[in-house]
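There are 2 protein chains.
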Amino acid sequence: MLAEPAERTSISERIADRIDQMPAGERRAAQTLIANYPLIGLRTVAEFAQQAGVSSPTILRFVARLGFQNYPDFQAALQAELAAQIQSPLSRTASAEAVAPSEAGRIANAAIENIRETFQHISEKQFTAVSAALADPRGKIYLAGGRFSDSIARYLAAHLALIRPGVVHLTGQESGWHDKLADMGRRDAMVIFDIRRYQAGLADFSEKAARRGATIILLTDQWVSPIARFARHVIPVRTASPSAWDSSAALFVLAEALIDSVTRARADEGAKRMRDIESFR
Amino acid sequence: MLAEPAERTSISERIADRIDQMPAGERRAAQTLIANYPLIGLRTVAEFAQQAGVSSPTILRFVARLGFQNYPDFQAALQAELAAQIQSPLSRTASAEAVAPSEAGRIANAAIENIRETFQHISEKQFTAVSAALADPRGKIYLAGGRFSDSIARYLAAHLALIRPGVVHLTGQESGWHDKLADMGRRDAMVIFDIRRYQAGLADFSEKAARRGATIILLTDQWVSPIARFARHVIPVRTASPSAWDSSAALFVLAEALIDSVTRARADEGAKRMRDIESFR
DNA sequence: CAAAATCCGTACCATACGATACAGAGCATG
DNA sequence: CATGCTCTGTATCGTATGGTACGGATTTTG
Numbered sequence: 043m044l045a046e047p048a049e050r051t052s053i054s055e056r057i058a059d060r061i062d063q064m065p066a067g068e069r070r071a072a073q074t075l076i077a078n079y080p081l082i083g084l085r086t087v088a089e090f091a092q093q094a095g096v097s098s099p100t101i102l103r104f105v106a107r108l109g110f111q112n113y114p115d116f117q118a119a120l121q122a123e124l125a126a127q128i129q130s131p132l133s134r135t136a137s138a139e140a141v142a143p144s145e146a147g148r149i150a151n152a153a154i155e156n157i158r159e160t161f162q163h164i165s166e167k168q169f170t171a172v173s174a175a176l177a178d179p180r181g182k183i184y185l186a187g188g189r190f191s192d193s194i195a196r197y198l199a200a201h202l203a204l205i206r207p208g209v210v211h212l213t214g215q216e217s218g219w220h221d222k223l224a225d226m227g228r229r230d231a232m233v234i235f236d237i238r239r240y241q242a243g244l245a246d247f248s249e250k251a252a253r254r255g256a257t258i259i260l261l262t263d264q265w266v267s268p269i270a271r272f273a274r275h276v277i278p279v280r281t282a283s284p285s286a287w288d289s290s291a292a293l294f295v296l297a298e299a300l301i302d303s304v305t306r307a308r309a310d311e312g313a314k315r316m317r318d319i320e321s322f323r
Numbered sequence: 043m044l045a046e047p048a049e050r051t052s053i054s055e056r057i058a059d060r061i062d063q064m065p066a067g068e069r070r071a072a073q074t075l076i077a078n079y080p081l082i083g084l085r086t087v088a089e090f091a092q093q094a095g096v097s098s099p100t101i102l103r104f105v106a107r108l109g110f111q112n113y114p115d116f117q118a119a120l121q122a123e124l125a126a127q128i129q130s131p132l133s134r135t136a137s138a139e140a141v142a143p144s145e146a147g148r149i150a151n152a153a154i155e156n157i158r159e160t161f162q163h164i165s166e167k168q169f170t171a172v173s174a175a176l177a178d179p180r181g182k183i184y185l186a187g188g189r190f191s192d193s194i195a196r197y198l199a200a201h202l203a204l205i206r207p208g209v210v211h212l213t214g215q216e217s218g219w220h221d222k223l224a225d226m227g228r229r230d231a232m233v234i235f236d237i238r239r240y241q242a243g244l245a246d247f248s249e250k251a252a253r254r255g256a257t258i259i260l261l262t263d264q265w266v267s268p269i270a271r272f273a274r275h276v277i278p279v280r281t282a283s284p285s286a287w288d289s290s291a292a293l294f295v296l297a298e299a300l301i302d303s304v305t306r307a308r309a310d311e312g313a314k315r316m317r318d319i320e321s322f323r
């Protein structure tokens, strides 16, 4: 993690605030900094001074007036701003073609398109309803997935288990799952990851869970698994990819979005629980 | 002829060109610079060295190998690149805001940015080298990951197992992993997913696997797991997210890109193998 | 217009920083 | 297993850099 800037306002704002009350020499320093923002501030005091046409001490008095203890502190603050700016969407290339068209880049661009497309069409109500269901600590949460998507179910389960009690990931052989059916009831939720080719066993199990009264939450692809028939909530994601395999990237990000949402919903209880769990390690 | 001009190519390209021929320590420096490009290079040698986990002279040798006379020259070149990047019209125009700013959309946008950023900095050579190692059917492939990233390891393993023989996912308790060490040899590859907080057990196991002669492939975050010390290949990904949790979306897409690449490399044998497997179901 | 206050640059100092010599560790090679 | 080579860290040095005291220049004010 980067260090936090000392103050909440950006340096350029701070300059704008005080530039009127500055003496002439320091004002020249301020103007040249703004004109070459922020890189001139990362160079040495002498270079900055020469560029501004003033002497080194004037530069140092200038940064002192801005509230910095010394010149390195000032530079560190500038770098922190730069880091934030570079990482923000503002600075990166604007076109949709985000990544160079290398071999790997094609896959990345497809994933980006899938994520974009998926989240543009996600129903906010649907999403918050699912999040609320997952955040409700009264019932249990069961998770299961297909041959590949089960990994994402596991990823979601690993996080949920830290946030709340009663998280069960049904892994391995389907034969063992049926034992859990007896425990399921109206208060419980069952999260199914199912993208094509849909596995018959998953559908069977989902139907039985639905009959037990569990709330079925289905995360599936744009073709929509037949399990939707039994599901209370269905969220489809896009999986198109220029590859022999479909891409589950959007599904993965959806899982992360749910994790974030549930974490916020259970901010207080969840934080305490995570502290407890950490203390046991 | 004087020394090479070295002006035209960007520094990141120059690194990608020569990273293969670098010794371990300098490669580590190169990786951390790419992962935190370019700001870590603007800090002092000592800070750069500490971040990379090497000593100051190694950093200086690294920049010397890139063709710079001294460290300030190197920093000046980085700043010149940054200046060009910041002032270019690209950076001012807001990138197509991918998704509406809903609650879930914030997570999606962060994931997109991470993927974009990650794949822009991935070295093509490094990527193809990893892909080749994973496609080589003579050795075995072992995969392992941390508490959360292990799900992605599993995802990769599930696909690789369809494409080629000899894929082993080390899951569950670490205690059981050590039994596999006896089987590891020079021909084998070990894929480690390790994002912070780095688990000590993973590092221990990786070191032992490296001593057995296995090729360590490390997929880690931008802070670079200490396992990089033992790794033959290191690919860092971005994990920044406006959430209580880091995002592994870029790591996931990287896994998918590798799956695609290995699939292409083994197009004929892999297709036959998949037909066989399907016929058994 | 004189006196005072403020501002600014020259000269100098302390130190943090980059650079280098050297020896030990690690690794490949025969 | 021995030998040579490459790589890497420790210790040290010279210097460039940030910092400061002080006197002259400039502006302000009565």
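In order, the protein sequence lines correspond to chains A and B. Those letters in the first sequence? Residues 43 to 323, by our numbering. Those letters in the second sequence? Residues 43 to 323, by our numbering. Note that the Cβ used here is the ideal one computed from N, Cα and C, for glycine as well.
Same chain, Cβ closer than 7 Å to residue i, neighbours up to 5 away in sequence not counted
{"i": "V96/A", "result": "G67, R70, A71"}
{"i": "R103/B", "result": "E68"}
{"i": "A325/B", "result": "Limits of chain B in this structure are 43 at one end and 323 at the other, which puts residue 325/B out of reach."}
{"i": "R148/B", "result": "P284"}
{"i": "V295/B", "result": "I157"}
{"i": "V87/A", "result": "S98, I101, L102, Y113"}
{"i": "I164/B", "result": "I277"}
{"i": "V105/B", "result": "Y113, F116"}
{"i": "L124/B", "result": "P80"}
Reference residue i; option with closest CA among the options
{"i": "G214/B", "options": "G243/B, T305/B, D318/B", "result": "G243/B"}
{"i": "L176/A", "options": "I259/A, I277/A, F235/A, I237/A", "result": "I259/A"}
{"i": "T160/B", "options": "R274/A, H163/A, E159/A, A153/A", "result": "A153/A"}
{"i": "R107/B", "options": "S165/B, D225/B, R56/B", "result": "R56/B"}
{"i": "F190/A", "options": "I183/A, R148/A, D263/A", "result": "D263/A"}
{"i": "Y240/B", "options": "A252/B, D225/B, W265/B, S217/B", "result": "W265/B"}
{"i": "L185/A", "options": "T305/A, S248/A, F272/A, S290/A", "result": "S248/A"}
{"i": "D178/A", "options": "S54/A, Q127/A, G208/A, N78/A", "result": "G208/A"}
{"i": "W287/A", "options": "R180/A, I237/A, A299/A", "result": "I237/A"}
{"i": "Q92/A", "options": "T74/A, S52/A, R253/A, Y79/A", "result": "T74/A"}
{"i": "R306/A", "options": "N156/A, S173/A, A125/A", "result": "S173/A"}
{"i": "Y79/B", "options": "M232/B, S52/B, V295/B", "result": "S52/B"}
{"i": "S144/B", "options": "S303/A, I319/A, R308/A", "result": "S303/A"}
Cα-Cα separation, residue i to residue j
{"i": "T63/A", "j": "P114/A", "result": "Just to set this straight, residue 63/A is Gln in the shown sequence, not Thr. Approximately 24 Å, taken between the alpha carbons."}
{"i": "L120/B", "j": "I82/B", "result": "10 Å"}
{"i": "Q168/B", "j": "P268/A", "result": "42 Å"}
{"i": "W219/A", "j": "L212/A", "result": "6 Å"}
{"i": "Q162/A", "j": "A291/A", "result": "15 Å"}
{"i": "A138/A", "j": "A146/B", "result": "In this prediction, A138/A scores a pLDDT of 42, lower than 50, which makes its location untrustworthy; the coordinate-derived value is nonetheless stated afterwards. Distance between the alpha carbons of A138/A and A146/B is about 20 Å."}
{"i": "L204/B", "j": "M316/B", "result": "6 Å"}
{"i": "L198/A", "j": "A122/B", "result": "43 Å"}
{"i": "E46/B", "j": "N112/B", "result": "Confidence at E46/B is low in this model, with a pLDDT of 40, below 50, so the placement of that residue should be treated as unreliable; the coordinate-derived value is given next. Roughly 16 Å between the two C-alpha positions."}
{"i": "E311/A", "j": "E298/A", "result": "19 Å"}
{"i": "A171/B", "j": "V279/B", "result": "17 Å"}
{"i": "S217/A", "j": "I183/A", "result": "19 Å"}
{"i": "R229/B", "j": "A251/B", "result": "12 Å"}
{"i": "I301/A", "j": "H201/A", "result": "7 Å"}
{"i": "S321/A", "j": "D59/A", "result": "47 Å"}
{"i": "R253/A", "j": "A126/A", "result": "51 Å"}
{"i": "S133/A", "j": "D192/A", "result": "Interpretation of S133/A is limited by its pLDDT of 41, a score under 50 that renders its predicted location unreliable; no figure is taken from the coordinates."}
{"i": "I319/B", "j": "A313/B", "result": "10 Å"}
{"i": "A309/B", "j": "A94/B", "result": "38 Å"}
Cutoff 6 Å; reference residue i; Cβ partners in own chain excluding five residues on either side
{"i": "V276/A", "result": "L260, A270"}
{"i": "G187/B", "result": "A195, F235"}
{"i": "F90/A", "result": "I82, I101"}
{"i": "V233/A", "result": "L185, I259"}
{"i": "G255/B", "result": "G227, R228"}
Contacting residues, own chain, Cβ-Cβ under 8 Å from residue i (five flanking each side not counted)
{"i": "N156/B", "result": "V279, R280, T281, A282, S283, S289, A291, A292"}
{"i": "K222/A", "result": "Y184, V210, L212"}
(request) Taking a Cβ distance cut-off of 8 Å, strictly less, list which residues of the region 96-125 of chain A are near chain B, in chain order. (result) Q121, L124, A125
(message) To be precise: take each residue of the region 282-295 of chain A, compare its Cβ to all Cβ atoms of chain B, and keep it if any distance is under 8 Å. Which residues remain?
(response) S283, S285, A286, W287, S289, S290, A291, F294, V295
(request) Note down, in chain order, all residues in the region 250-261 of chain B with a beta-carbon under 9 Å from any beta-carbon belonging to chain A. (result) none
(message) Beta carbons nearer than 7 Å to chain A: which residues of the region 165-181 of chain B have them?
(response) E166, F169
(request) Would you list, in sequence order, the uninterrupted beta strand (DSSP E) runs of no fewer than 3 residues that lie entirely inside the region 230-258 of chain B? (result) 231-236
(message) To be precise: take each residue of the region 194-222 of chain B, compare its Cβ to all Cβ atoms of chain A, and keep it if any distance is under 8 Å. Which residues remain?
(response) I194, R196, Y197, A200, H201
(request) Closer than 9 Å, Cβ to Cβ, to anything on chain B: give me those residues from the region 298-314 of chain A, in chain order. (result) E298, A299, L300, I301, D302, S303, T305, R306, A309, G312, A313
(request) Please list the segments of the alpha helix (DSSP H) lying wholly inside the region 168-229 of chain B, counting only runs of 4 or more residues, in order along the chain. (result) 192-205, 220-223
(request) Could you name the residues of the region 147-166 of chain A whose beta carbon sits closer than 7 Å to any beta carbon of chain B, in the order they occur along the chain? (result) G147, I149, A150, A153, I154, I157, R158, F161, Q162, I164, E166
(request) Could you list the residues in the region 69-100 of chain B with a C-beta less than 8 Å from some C-beta on chain A, going in chain order? (result) L81, L84, R85
(request) Could I get the ranges of all uninterrupted alpha helix (DSSP H) runs contained in the region 70-147 of chain B, with 4 residues as the minimum, in chain order? (result) 87-94, 98-107, 113-129, 131-134
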